[in-house]
Amino acid sequence: MSTVTRTGSITFDALSSSRRPGRGRRLVERNLLHYKVHWTIIVSGFFEPLFYLLSIGVGVGKLVGPVVGAHGEQLTYRTFVAPALLASSAFNGALYDSTMNVFFKLKHDKLYDAVLATPMRVRDVAVGEITWALIRGLIYAVAFLIVMGCMGLFESWWAVLALPACTLIGFAFAATGMAATSYMRTFEDFEFITMTQLVLFLFSATFYPLSVYPRWMQVVVECSPLYHGVHLVRSLVLGDIGPDLLLDALYLAVLGLIGLTIANRRLALLLTP
Amino acid sequence: MADPLIEARALTKRFGDFVAVAGIDVTVRPGEAFGFLGPNGAGKSSTMRMIGCTSPRSGGELRILGLDPDTHGAQIRSRLGVVPQDDTLDNELTVFDNLLIYGRYFDLSRKVARQRAEELLDFAQLSDRAKARVQTLSGGMKRRLTIARALINEPQVLLLDEPTTGLDPQARHVLWDRLYRLKQQGVTLVLTTHYMDEAEQLCDRLVVMDKGRIAAEGTPLQLIAEHSSREVVELRFAPDRNEVMADKVADLAERIEVLPDRVLLYADDGDAVAETVSQRGLRPETVLVRRSTLEDVFLRLTGRTLVD
Ligand SMILES: Nc1ncnc2c1ncn2[C@@H]1O[C@H](COP(=O)(O)OP(=O)(O)O)[C@@H](O)[C@H]1O
Ligand SMILES: [Mg+2]
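Chains Y and V, in that order, are what the protein sequence lines are.
Following this note's numbering, the numbering of the first sequence begins with 59 at its first residue and continues without gaps.
Following this note's numbering, the numbering of the second sequence begins with 13 at its first residue and continues without gaps.
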């Protein structure tokens, strides 16, 4: 037996990836056990995008004339706004259970300390919580898709791909949300996340086309991850198919993977000191 | 002798420059109840976390169940039960679901997890609280639930970090009774405590830990025989008279300790010492003759009391 010395915890087994199947799904199961009783918490989150659709899409839409689509076609305002709200419902939904709730479990309940005393590893915690958060985002996306179907807001069969697109959005933001949360020290710090969330929601070409901005603002907005989510979903729903959609998808996937990696490393530092 | 379940050589834990565990040697064999006795900050929890494979060691050797935590952590953890110092129960779930999901973390089937959860609720005397939220439980109940949770995978070794700290005397006795039963069933117990009565009650063998080091090792009786006299006379004089009076009785004992509130005289025949004190007309406010305990051992080894 040789004597070993380590400097950090990153090399520790709890983090190492292995070919064994992950146990992340156990944490999804844990969350289902919780929401099986507290399902009303989930239901209320569905109404937010719906109310936006009815108030702004339909209501304000009556005052706004038609919007010009990517190929010069005329769209009703609600047809234009609905896909963005669909993308936002996956976005907001994924952030519910990857930010404040994760912080609470991490710092207050010490839930993950208990989880890591079992064969579960840090990676399983990160993957499990991100998976659950994205599933919650998807639940809202599916519900919203049904509303859109009822209101006849699909313009193309490409719209069926909106669901996988929303999965990608859910993954990107659940992972980023969890990574950001791992840096939070107090509940007050979450103001930062809440503010960022609001800015992204309002300014990612959600309620009006990118063309209303001056060029420099367009460049800024094009950096926004939610802009790419909105662009992807809107293009699919409206049938504006082009190679730029692959770029949107790539952006979201890379963002998600970076978020997952950071979340994983930070949790290892916090949970296996 | 059977192979050790836990074997540590020069085990070290550092946090930055701070050394929390400064090279300890520990061997725990199957069926033993092994204890770490030491005050706050001794490095007990840091040691337990390394043994529980949730904190990597900074140096030295560690084998749990013959395996290296660095490479086989998940495998080792699947055979351990852990009762951490702070309660880490799932506050969002019911008592029953806490056990159920914990079984699932260990990959038990739903059926087996349910069945064990019911048995363990019975063991923890919590069957009537199965559907309650965790927050509604008393401190003692939470502790029992945590122990029940740690048993869901039928562990070979149960790690208990200060199992009864913060509980009232009655709750502590209920808990000790449960732990005693486990010991009878052959479960290997490894526990930390800063209560000498707990160490004496539960441990077959223990180490006295202080400032990250092991000061002594043995059975409770061995430690007392080796590091203390058979009996102790506790004299309590009027406040701030203890120092002065200590000089007048120093010759009566093998060893003398002056604490802020009392003077301890170590001798094999306590009654004889008490008798002489009275003959000298010193009139302490109270006189108590008792057997030596691990508290006295700790005082001898470190010059400090366990609980301050
Ligand atoms: N994660 C940590 N980071 C820095 N210092 C720590 C950490 N955990 C414990 N320590 C320090 O290590 C020492 C030993 O702590 P601990 O193992 O908890 O002792 P005990 O359980 O015997 O009270 C203490 O001084 C404590 O402050
Ligand atoms: Mg401790």
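A virtual CB, placed ideally from N, CA and C, is assigned to each residue, including glycine.
- Excluding residues up to 5 positions away in sequence, Ser57, Met60, Pro96, Gln97, Thr204 lie with their Cβ nearer than 6 Å to the Cβ of Asp173(V) in the same chain.
- Just measuring C-alpha positions, the residue of Ala32(V), Val31(V), Phe30(V), Gly47(V) sitting nearest Val38(V) is Gly47(V).
- Of the residues assessed, Trp215(Y) falls on the exposed side of the cut-off, its CB having fewer than 16 other CB atoms within 10 angstroms.
- The Cβ of Leu329(Y) sits closer than 9 Å to at least one Cβ of chain V.
- With a threshold of 9 Å between beta carbons, Gly64(V) makes contact with chain Y.
- Not one beta carbon of chain V lies nearer than 9 Å to the beta carbon of Arg324(Y).
- For Gly127(Y), there is no enclosing beta strand (DSSP E), since its DSSP letter is neither H nor E.
- Applying a distance threshold of 6 Å between residue Cβ atoms and the heavy atoms of ligand 1 selects Pro331(Y), Phe27(V), Phe30(V), Ala32(V), Gly50(V), Asn52(V), Gly53(V), Ala54(V), Gly55(V), Lys56(V), Ser57(V), Ser58(V), given in chain order.
- In this structure the region 285 to 300 of chain V touches the region 244 to 256 of chain V; the number of beta carbon pairs closer than 8 Å is three or more.
- In the DSSP annotation of this structure, the continuous segment of the alpha helix (DSSP H) that includes Gly207(Y) starts and ends at 180 to 208.
- At least one heavy atom of ligand 2 lies less than 8 Å from the C-beta of Gln97(V).
- Under the Cβ distance rule, Val288(Y) does not count among the residues neighbouring chain V, no pair being separated by less than 9 Å.
- Ser121(V) is outside the set of residues whose beta carbon lies under 9 Å from a beta carbon in chain Y.
- Proximity of the beta carbon of Asp222(V) to ligand 2 is not indicated: no heavy atom of the ligand is located closer than 8 Å.
- Within chain Y, no C-beta atom comes nearer than 9 Å to that of Glu130(V); the closest sits roughly 16 Å away.
- The secondary-structure analysis by DSSP pairs Glu243(V) across a beta bridge with Ala279(V), Arg303(V).
- With respect to Thr200(V), Leu218(V) sits apart: the two C-beta atoms are not nearer than 9 Å.
- The Cβ of Pro96(V) sits closer than 9 Å to at least one Cβ of chain Y.
- Within the same chain, and ignoring the five residues on either side of Ala54(V) in sequence, the residues whose Cβ sits closer than 6 Å to its Cβ are Met221, Asp222.
- Shortest gap from the CB of Asp173(V) to any heavy atom of ligand 2: under 8 Å.
- At the C-beta level, Pro141(Y) and Val291(Y) come within 9 Å of one another.
- Of the residues Ile18(V), Leu111(V), Asp259(V), Ser121(V), the one whose Cα lies closest to the Cα of Ile88(V) is Ile18(V).
- Contact of Ile113(V) with chain Y by beta-carbon distance below 8 Å involves Arg84, Glu87, Arg88, Leu91.
- Spanning the alpha carbons of Arg83(Y) and Met158(Y) requires a straight line of approximately 21 Å.
- With respect to the 9 Å criterion, Ser67(V) and Thr176(Y) are not classified as neighbours on the basis of their beta carbons.
- Shortest gap from the CB of Thr66(V) to any heavy atom of ligand 2: 8 Å or more.
- Arg225(V) is bridged by DSSP to Asp222(V).
- Straight across, the Cα-Cα distance linking Leu268(Y) with Pro222(Y) is about 24 Å.
- Put simply, the CB of Thr225(Y) is far from chain V, with every gap to its CB atoms at 9 Å or more.
- In terms of Cα proximity to Leu179(V), the closest of Pro167(V), Gly151(V), Glu266(V), Gln196(V) is Gly151(V).
- Of all residues in the region 171 to 193 of chain Y, only Asp171, Ala172, Val173, Leu174, Ala175, Thr176, Pro177, Met178, Arg179 come within less than 7 Å of chain V when Cβ atoms are compared, listed by chain position.
- Per DSSP, Gly297(Y) is not a residue of any beta strand (DSSP E), being assigned neither H nor E.
- Beta-bridge annotation (DSSP): Arg26(V) is paired with Val31(V).
- Chain order gives the chain V residues near Asp167(Y) as Thr100, Leu101, Asp102, Asn103, Glu104, where near means a beta carbon separation below 9 Å.
- Beta-bridge annotation (DSSP): Ala20(V) is paired with Val38(V), Leu74(V).
- The nearest non-hydrogen atom of ligand 2 is less than 8 Å from the C-beta of Thr204(V).
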